[in-house]
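Scroll down for the structure; my scribbles are underneath it.
In our numbering, the protein residues as written are 3 to 646.
The following block contains the structure:
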């Protein structure tokens with residue numbers, strides 16, 4: 003073999019190309035790792051530098067064919083890496099194909115890919131075997147093999163082989179690659195895998211207790227939820243999980259639990275409690291056979307489905323072993339009716355059992371069930387007892403509920419001072435509802451002197467947690483308060499956030515603002531949009547404003563009497579006497595609709611008093627006694643149904 007074959011260069015290459023190629027090769031062939039190969043490379047380098055066209059450097063010995071046996075593998079298309087245009091970056095050097103029976107680096111690569119496809123989890127051993135066949139080959143062949151493998155792993159997702167190759171060839175340490183972009187991408191994928199593996203490692207071990215399995219399943223679900231938004235992260239999460247499944251002796255209960263927690267199974271509807279394995283789960287078979295088989299054997303399929311819920315089964319198993327946290331979790335499942343059919347009595351029983359063993363969340367849940375009379379008879383005294391236990395142990399939700407009971411209780415049980423204390427305890431823990439209610443007590447002066455500064459403080463904290471009513475009140479204070487510096491820009495910011503969160507009051511304020519600032523035509527469209535939203539949510543002022551705009555028209559809004567009647571009638575149904583009179587007049591006069599005297603009489607009857615637009619006696623003359631009786635009966639039914 004001559005120096006050009008060793009260096010992978012054309013005979014007579016320029017000196018700068020020889021030096022550049024040598025610098026690349028020597029990074030992968032260090033004297034301390036392989037003295038003989040390094041010496042051969044160094045001699046070839048020196049010979050190439052001294053080369054002239056008359057030199058002839060004959061091969062000292064013929065290369066002997068390598069005999070190797072092939073294992074039984076699944077058939078696959080033969081891969082070729084000879085066409086230089088197949089890959090991005092620098093083309094691979096041409097390699098002479100040896101006679102039949104002699105294995106080239108392409109043949110070794112084909113063998114590696116076939117074996118890895120058959121048993122992916124044996125990637126490290128398969129790669130070591132392939133490299134052993136290349137030991138007697140020249141350095142150029144080994145470099146071609148490595149580069150072709152790099153390109154193949156970039157095109158085909160073979161994660162375990164990728165990890166093995168990156169570690170073996172130290173791609174994260176080697177610079178000067180002919181495929182630097184691809185090498186960087188693969189390195190980043192490997193780093194992603196190791197970060198994920200580090201995250202999930204604490205939740206895998208042999209001989210986990212039922213409670214540890216239950217809690218670890220929740221933690222794994224949290225990690226999965228954070229990673230599933232990114233397709234690349236999710237792929238490597240699956241691989242890390244499969245490796246851990248294969249590494250440890252885990253119970254079938256835990257593996258089945260992971261299948262459900264990590265969305266490897268699904269159900270068509272909430273009320274149909276049969277789970278089916280997803281395509282994502284089935285794809286795991288191609289990446290790690292043994293890990294996949296362990297998971298599949300754990301799930302106990304009945305045809306295409308499994309049931310009952312593995313999350314429920316895991317919890318029940320832990321509960322039967324006497325774990326009080328599992329008793330609470332089981333109660334929660336029966337209360338919510340998701341993984342298992344809702345059964346409030348069973349929920350009450352499990353909550354009681356856990357609460358008696360000082361599970362704080364169970365004490366809170368039990369207090370709520372007594373307070374609402376769900377799963378048991380309503381008992382405010384028992385509700386206060388259990389909520390107080392949870393509140394004293396720092397449960398913010400229990401503190402909030404105690405505050406509500408104290409604030410809204412009938413006399414003489416009402417206690418504003420106690421309500422203020424519990425609201426404050428919950429609010430300082432970040433409970434957004436408690437923060438809002440505390441703001442309400444300060445703004446209204448309930449049980450405390452009215453204080454807009456304190457009200458603003460608590461409204462703002464709740465608003466920052468996206469509480470829409472708190473956002474509205476924060477905006478009002480910035481807009482109108484005399485106790486804090488007014489800031490119309492901040493007011494508009496919080497009105498907008500509250501409106502986008504569905505606050506009808508905030509929509510009304512925004513609609514007024516855009517109507518007032520109507521120099522820009524786009525502002526009129528914004529005004530109509532926000533006023534319509536406020537009107538649909540029952541804000542009377544917004545309904546009247548829209549009705550009048552459509553009834554009379556404006557310079558930017560066309561007159562539309564039918565739309566006007568729609569909004570007046572909506573206000574009428576909400577109890578506005580003025581709107582009831584206006585609606586009666588529009589039906590009587592045929593404004594925005596055809597004349598309908600029965601509808602007019604009905605709304606006159608509901609409104610009472612005298613209508614400023616129509617004469618009741620004149621309308622009576624246009625109707626039969628039967629029509630009047632029908633209209634009055636409809637009015638009575640409407641008042642009862644609408645409670646007006």
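Even for Gly, the Cβ is constructed at its ideal location relative to N, Cα and C.
Which partner residues of residue 307 appear in the DSSP bridge assignment? 278 and 304
Look up residue 238 in the DSSP assignment and say whether it is helix, strand or coil. helix
Segments assigned alpha helix (DSSP H), at least 4 residues, entirely inside the region 247 to 274: 254 to 263
Have a look at residue 453 and residue 447 and give me their C-alpha separation to the nearest angstrom. 7 Å
contact_flag[the region 205 to 220, the region 156 to 175] where n(CB pairs < 8 Å) is 3 or more: no
For residue 601, which residues from the same chain have a beta carbon less than 6 Å from its beta carbon, with the 5 sequence-adjacent residues on both sides left out? 589
Is residue 326 helix, strand or coil by DSSP? helix
Within 8 Å, do at least three Cβ pairs link the region 307 to 327 to the region 209 to 226? yes
With a 10 Å radius around its C-beta and 16 neighbouring C-beta atoms as the bar for buried, classify residue 516 as buried or exposed. buried
Short check: CB of residue 435 to CB of residue 460, under 8 Å? no
Between which two residues does the alpha helix (DSSP H) carrying residue 124 extend? It is not in any alpha helix (DSSP H) - residue 124 carries neither H nor E in the DSSP assignment.
Taking the alpha-carbon positions, what's the residue 67 to residue 132 distance? Note on residue 67: pLDDT 39, under 50, position unreliable in the model; the coordinate value appears next. Computed Cα separation, rounded: 15 Å.
Rounded C-beta distance between residue 240 and residue 194? I'm assuming under 8 Å. Actually they are not in contact, since the Cβ atoms of residue 240 and residue 194 sit about 12 Å apart, beyond 8 Å.
Along the alpha helix (DSSP H) that carries residue 347, what are the first and last residues, could you check? 346 to 357
Residue 47 classed as buried or exposed, judged by whether at least 16 other C-beta atoms fall within 10 angstroms: buried
Applying the 10 Å Cβ sphere with the 16-neighbour rule, what's the burial state of residue 181? buried
With a threshold of 8 Å, are at least 3 pairs of Cβ atoms found where one atom belongs to the region 574 to 582 and the other to the region 592 to 611? yes
Mark residue 597 as exposed unless 16 or more other C-beta atoms lie within 10 angstroms of its C-beta, in which case mark it buried. exposed
In the structure shown, what three-state DSSP assignment does residue 532 receive? helix
Drop a sphere of 10 angstroms on the beta-carbon of residue 644, count the other beta-carbons inside from all chains shown, and report buried for 16 or more, exposed for fewer. exposed
Determine the direct distance from the alpha carbon of residue 411 to that of residue 200, and round the result to whole angstroms. 52 Å
Residues in the same chain with beta-carbon distance under 7 Å from residue 545, minus the five sequence neighbours each way, listed in chain order, please. 537, 569, 572 and 573
Is the beta carbon of residue 167 closer than 8 Å to that of residue 129? yes
Output needed for residue 425: all residues of its chain with C-beta closer than 6 Å, excluding positions within five of it in sequence on either side, in chain order. 405, 436, 439 and 440
If you count every other CB in all the chains shown that lies within 10 Å of the CB of residue 1, and 16 or more means buried, which is it? What is shown of the chain runs 3 to 646, which leaves residue 1 out entirely.
Would you kindly work out how many angstroms separate the C-alpha atoms of residue 540 and residue 340, rounded to a whole number? 34 Å
Terminal residues of the continuous alpha helix (DSSP H) containing residue 615? Careful: residue 615 lies outside any alpha helix (DSSP H) and carries neither H nor E.
What span of residues does the alpha helix (DSSP H) with residue 144 cover, start to end? 141 to 157
Helix, strand or coil: which one does DSSP assign to residue 411? coil
Going straight from the alpha carbon of residue 470 to that of residue 260, what length do you get? 37 Å
Using the three-state DSSP reduction, which class does residue 94 fall into: helix, strand or coil? Residue placement at residue 94 is poorly supported in this model, since its pLDDT is 42, which falls under 50; the coordinates are not used for a value here.
Secondary structure of residue 16, DSSP reduced to three states: coil
With respect to the alpha helix (DSSP H) encompassing residue 546, which residues constitute its N-terminal and C-terminal limits? 542 to 554
Please go through the same chain and pick out, in chain order, the residues whose beta-carbon is closer than 8 Å to the beta-carbon of residue 203, but skip the five residues on each side of it. 246
Out of 302, 303 and 284, which has the shortest C-alpha to C-alpha gap to residue 294? 284
Count the other CB atoms, across all protein chains shown, that sit within 10 Å of the CB of residue 623; report buried if there are 16 or more and exposed otherwise. exposed
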